[in-house]
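Notes follow once the structure below has been shown.
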Amino acid sequence: MINIVLFGKPGAGKGTQAEFLKQKYNLTHLSTGDIFRFNIKNETELGKLAKTFIDKGDLVPDEITIKMLESEVDKNQHSEGFLFDGFPRTLAQANALDEFLSSKKQKITATIALEADDEVLVQRLLERGKTSGRIDDQDEDKIRNRYQEYNEKTAPLMDYYKSQDKFYAINGIGKIEEITQRLSKVIDNL
7 MINIVLFGKP GAGKGTQAEF LKQKYNLTHL STGDIFRFNI KNETELGKLA
57 KTFIDKGDLV PDEITIKMLE SEVDKNQHSE GFLFDGFPRT LAQANALDEF
107 LSSKKQKITA TIALEADDEV LVQRLLERGK TSGRIDDQDE DKIRNRYQEY
157 NEKTAPLMDY YKSQDKFYAI NGIGKIEEIT QRLSKVIDNL
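Each residue of the sequence shown is one higher than the last, beginning at 7 in the numbering used here.
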């Protein structure tokens, strides 16, 4: 079983790349963004609570995110592996994920970060916001707030996974196919 964590700031291309990787490696793609949107659209209790944070450009608190993610893993017990997209984002989430996977006799195989310049990503999100309808992609201040939160809360995860020899960084700028090749090279060598 392969369990991959895909890192990257909003707009780095995690969702696009996840589509290719889930097909190529037969993984179940668990995007916290998709899980949030499903719960918000269906007005679940957790979805309503998550929306209050997302609308402000803040990260959803760990306990809400973890409950949603555990439910999705449990729904896909016969998967050949998982591609975690947007989770974990904090050390507390990483520890919770490790404990949860361990209870299922699984573990994280690798974490891969799509690295890209903030200014490039801000422009990508503003463009995406014109067609996606996502409020958090239409306001540059909210985007930059998300990046600040990412830097403060997610960046320490790099050291966490480096200490376990599970962290890989790749250049997230270029043609989609080039980035997919870079990701595949890392996964194929695990």
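We treat Cβ as the ideally placed atom computed from N, Cα and C, and that holds for glycine.
Option nearest residue i by Cα separation, candidates the options
i	options	result
GLU86	LYS57, PHE59, ASN32	ASN32
TYR153	THR117, LEU89, ARG95	ARG95
ILE185	ALA18, LEU97, MET7, ASN9	ALA18
ASP61	GLU51, LYS73, ILE46	ILE46
ASP171	ALA116, GLU155, GLU146	ALA116
ASP64	GLN112, ILE149, LEU97, ARG43	ILE149
GLY180	LEU127, VAL66, ASP194	LEU127
ASN195	ILE182, GLU183, TYR174	TYR174
LEU107	GLN129, LEU132, GLU78	GLU78
ASP80	SER109, LEU132, GLY53, LYS57	SER109
ARG43	GLU76, GLN129, ASP147, ARG140	ARG140
ASP147	ASP124, GLU49, MET164	ASP124
Beta-carbon contacts of residue i that lie in its chain and below 7 Å, excluding the five residues immediately before and after
i	result
GLY92	LYS20, SER37, THR38, GLY39
LEU189	GLN23, LEU27, ILE118, ILE176
PRO162	LEU97
MET7	GLU86, GLY87, GLN112
TYR166	LEU97, ALA100
Local conformation of residue i per DSSP, three classes
i	result
THR186	helix
VAL11	strand
ALA100	helix
PHE90	strand
GLU49	coil
THR22	helix
ILE118	strand
SER77	helix
SER37	strand
GLN29	helix
VAL66	coil
LYS57	helix
ASP123	coil
ARG130	helix
LEU107	helix
ARG3	The displayed coordinates of the chain run from 7 to 196. Any statement about residue 3 would go beyond what the structure contains.
Same chain, Cβ closer than 8 Å to residue i, neighbours up to 5 away in sequence not counted
i	result
GLY14	LYS20, ALA119, LEU120, GLU121, ALA122, GLY178
GLN99	ASP68, THR71, ILE72, PHE93
ASP104	LYS113, ILE114
Sequence-distant residues of its chain with Cβ nearer than 6 Å to residue i (five each side left out)
i	result
TYR156	LYS15
GLY135	ASP143, GLN144
THR160	ARG95
GLY53	ASN45, ILE46
PHE59	VAL66
Rounded distance between the beta-carbons of residue j and residue i, thought under 8 Å
i	j	result
MET74	ILE41	5 Å
ASN82	THR34	5 Å
ASP10	ILE193	Residue 10 is actually Ile in this sequence, not Asp. 7 Å between Cβ atoms; contact.
LEU131	LEU12	So it is not a contact: roughly 17 Å between Cβ atoms.
Quiz item: Where are the alpha helix (DSSP H) runs, 4 residues long or more, that stay fully inside the segment 133-192, in chain order?
Solution: 146-155, 161-168
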